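Asks: This is the structure, below, for whatever I ask next.
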Amino acid sequence: MVLGVKYILLGVPCFSMIYAKLIKPILFKFDAEKIHARATNTGEKLGNSSVSRKAISSLYSYENKKLETEILGIKFKNPTGLAAGFDKDARLTKILPSVGFGYEEVGSIAGSPCNGNSKPRLFRLPKDNALVVNYGLCSIGSEIISKKLRNLRFKFPIGVSIVRANNSDIVMDVDKGIRDYIKAYENLKDIGDYLTINISCPNTPDKLAFSCVDNFDKLMREFSKLDIRKPVFIKLKPDFSKKEIDEFLKISDRYSFIKGFVISNLTKNNKNLRSNNLFKGGISGKPVKEKSNEMLKYVYKKTKGKYVLIGCGGIFNAEDAYEKIRNGASLLQLITGMIYNGPGIIKEINKGLVKLLEKDGFNNVLDAVGADVR
Ligand SMILES: Cc1cc2nc3c(=O)[nH]c(=O)nc-3n(C[C@H](O)[C@H](O)[C@H](O)COP(=O)(O)O)c2cc1C
Numbered sequence: 283m284v285l286g287v288k289y290i291l292l293g294v295p296c297f298s299m300i301y302a303k304l305i306k307p308i309l310f311k312f313d314a315e316k317i318h319a320r321a322t323n324t325g326e327k328l329g330n331s332s333v334s335r336k337a338i339s340s341l342y343s344y345e346n347k348k349l350e351t352e353i354l355g356i357k358f359k360n361p362t363g364l365a366a367g368f369d370k371d372a373r374l375t376k377i378l379p380s381v382g383f384g385y386e387e388v389g390s391i392a393g394s395p396c397n398g399n400s401k402p403r404l405f406r407l408p409k410d411n412a413l414v415v416n417y418g419l420c421s422i423g424s425e426i427i428s429k430k431l432r433n434l435r436f437k438f439p440i441g442v443s444i445v446r447a448n449n450s451d452i453v454m455d456v457d458k459g460i461r462d463y464i465k466a467y468e469n470l471k472d473i474g475d476y477l478t479i480n481i482s483c484p485n486t487p488d489k490l491a492f493s494c495v496d497n498f499d500k501l502m503r504e505f506s507k508l509d510i511r512k513p514v515f516i517k518l519k520p521d522f523s524k525k526e527i528d529e530f531l532k533i534s535d536r537y538s539f540i541k542g543f544v545i546s547n548l549t550k551n552n553k554n555l556r557s558n559n560l561f562k563g564g565i566s567g568k569p570v571k572e573k574s575n576e577m578l579k580y581v582y583k584k585t586k587g588k589y590v591l592i593g594c595g596g597i598f599n600a601e602d603a604y605e606k607i608r609n610g611a612s613l614l615q616l617i618t619g620m621i622y623n624g625p626g627i628i629k630e631i632n633k634g635l636v637k638l639l640e641k642d643g644f645n646n647v648l649d650a651v652g653a654d655v656r
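Reminder that position 177 of the sequence shown reads as 459 in the working numbering, one-by-one numbering, no gaps.
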């Protein structure tokens, strides 16, 4: 307590230390989903006032030319984005630029509204710096979100992550699933700068999931009939084997609207955890890092820079972020690092990235992309 107050009084910008010593121990006493909902409510309120936006920006923002990029015609002030899942209903688009993020991916947004799984459905594994997520793709649905966002002007790039609703009738029928993806696309196609198709399908038998190559191919064939005007990313899961990745890449090569991959989503792999994980769901955070980095490297090497890769999974500091860039990522995303280390982590990552780029003689973040794979 005394330590945290001292940091505040001295104005030492060690946000993560204050969060770790003062705030996190309190937040972690309560149900994880309730805290997530509170944080979203507070963030939305703060975003609606220009005074709070400015105050937060003065604490958390950091700009540097070395972090500025233009990718697929989209201008990013820095590569550090909020991953899909934290702002499912797109309520934080106003506040996140002030928190220092370079962009965000809203969603995943389902075509039709979907309640998701029953509660509790979000758990912490502190010994592993991880979360177990069993939301079951809850979403208020693409129609409501589209109405809300249609007339907004965003201060940073927005990716829109779409998914098919996890309702039992849709889950059990691949064609209905495709129609729900297309419904989400049609409602949201004019919003944001890029689109991510999330092919993760919780509560779904493997044969009916869109992470099954045949269903993915069918889905892409239907998307190819649409007039797609934005770059499309496919979000992959870290548990794919190299053979499966090769098959996904082979299919993706047939569709010119696919411009990149988000690598990666949550893992189902419970092995090597320190905690005795009894919860059902996908695991985020540190346990994803190695797998997603391996996959990033593999895809970058295999596709020789043809696709834009977004590195996601287990970023807790600038070194983690830089490793993903050197493994082939042009952009980054995170959630769990922010939950464990606080919102100050974004500034710390961006500042740290500049130092690491300078140390290695790179002028811009894009110069370092794939440096360890070449
Ligand atoms: C609470 C929570 C909800 C998530 N929901 C989604 C989602 O709706 N769509 C999606 O593509 N990924 C979702 N994810 C996965 C994240 O986007 C990300 O891929 C994963 O957590 C790894 O990043 P991290 O280690 O920085 O958290 C979710 C993750 C968390 C922690």
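A virtual CB, placed ideally from N, CA and C, is assigned to each residue, including glycine. No experiment lies behind these values; they were computed from the predicted model shown.
Could you check what DSSP says for VAL287 in three-state terms: helix, strand or coil?
Replies: Position 5 of the sequence shown, counted from the start, is the residue given in the question as residue 287. Bear in mind that a pLDDT of 42 at VAL287, under 50, signals an unreliable position, so the model cannot answer this.
Asks: Going by beta carbon distance, what residues of the same chain come within less than 8 Å of PHE297, once the five residues before and after it are set aside?
Replies: For this step, residue 297 is matched to residue 15 along the sequence shown. So the qualifying residues of the chain are LEU341, TYR342, GLY624, PRO625, GLY626, ILE627, LYS629 and GLU630.
Asks: Could you spell out the range, first to last residue, of the alpha helix (DSSP H) harbouring ARG320?
Replies: Your numbering for residue 320 matches position 38 in the sequence shown. Its alpha helix (DSSP H) spans residues 314 to 329.
Asks: In angstroms with no decimal places, state the Cα-to-Cα distance between ILE464 and ILE444.
Replies: Within the sequence shown, residue 464 is the residue found at index 182, counting from 1. Within the sequence shown, residue 444 is the residue found at index 162, counting from 1. One C-alpha to the other measures close to 9 Å.
Asks: Spatial neighbours of PHE242 within its chain, please: CB distance less than 8 Å, with the 5 preceding and 5 following residues excluded, ordered by chain position.
Replies: Nothing can be reported for residue 242: it is not among the residues displayed for the chain, which extend from 283 to 656.
Asks: For GLY652 and LYS376, I'd like the C-alpha separation in whole angstroms.
Replies: Position 370 of the sequence shown, counting from 1, holds the residue named residue 652. Position 94 of the sequence shown, counting from 1, holds the residue named residue 376. Approximately 32 Å, taken between the alpha carbons.
Asks: Closer than 8 Å is the cut-off here; do at least three beta carbon pairs connect the stretch 403 to 411 with the stretch 458 to 474?
Replies: no
Asks: Would you call the stretch 606 to 624 and the stretch 566 to 574 in contact, with 3 or more CB pairs under 8 Å?
Replies: yes
Asks: Given LEU328, which residues of its chain have a CB within under 6 Å of its CB, disregarding the five upstream and five downstream residues?
Replies: Along the sequence shown, read from residue 1 onward, the residue named residue 328 stands at position 46. Short of 6 Å from the beta carbon of LEU328, and not among the five residues preceding or following it, lie these beta carbons of its own chain, in chain order: SER334 and ILE377.
Asks: In this structure, how does DSSP classify SER298 when only helix, strand and coil are distinguished?
Replies: Here residue 298 corresponds to residue number 16 of the sequence shown, with the count starting at 1. In the structure shown, SER298 sits in a helix (DSSP, three-state: H, G or I).
Asks: Mind the definition here: the stretch 348 to 367 touches the stretch 420 to 433 only if three or more C-beta pairs lie below 8 Å; say whether that holds.
Replies: no
Asks: In this structure, how does DSSP classify ARG461 when only helix, strand and coil are distinguished?
Replies: Here residue 461 refers to the residue found at position 179 when the sequence shown is read from its first residue. Looking at ARG461 - three-state DSSP - the assignment turns out to be helix.
Asks: Could you give the distance in angstroms between the alpha-carbon of GLY619 and the alpha-carbon of ARG446?
Replies: Position 337 of the sequence shown, counting from 1, holds the residue named residue 619. Position 164 of the sequence shown, counting from 1, holds the residue named residue 446. C-alpha separation (whole angstroms): 27 Å.
Asks: Quick one: does the C-beta of PHE310 sit closer than 7 Å to a heavy atom of ligand 1?
Replies: As a position in the sequence shown, residue 310 is number 28, starting the count at 1. No.
Asks: Check whether the Cβ atoms of ASN366 and GLY567 lie closer than 8 Å to each other.
Replies: One-based indexing of the sequence shown puts residue 366 at position 84. One-based indexing of the sequence shown puts residue 567 at position 285. Residue 366 is actually Ala in this sequence, not Asn. The answer is no: Cβ separation not under 8 Å.
Asks: Let me make sure I understand the geometry here. Which of TYR537, GLU350 and PRO513 has the alpha-carbon closest to that of VAL590?
Replies: Taking the sequence shown and counting its residues from 1, the one referred to as residue 590 is at position 308. The residue with the shortest Cα to Cα distance from VAL590 is PRO513.
Asks: At a cut-off of 7 Å, would you count GLY618 as near ligand 1, judging by its Cβ distance to the nearest heavy atom?
Replies: In the sequence shown, the residue the question calls residue 618 occupies position 336. Contrary to the premise, residue 618 reads as Thr rather than Gly in this sequence. True, at least one ligand heavy atom lies under 7 Å from that Cβ.
Asks: How many angstroms separate the CA atom of ASN632 from the CA atom of ASP602?
Replies: Translated into positions along the sequence shown, residue 632 becomes position 350. Translated into positions along the sequence shown, residue 602 becomes position 320. Approximately 11 Å between the Cα atoms of the pair.
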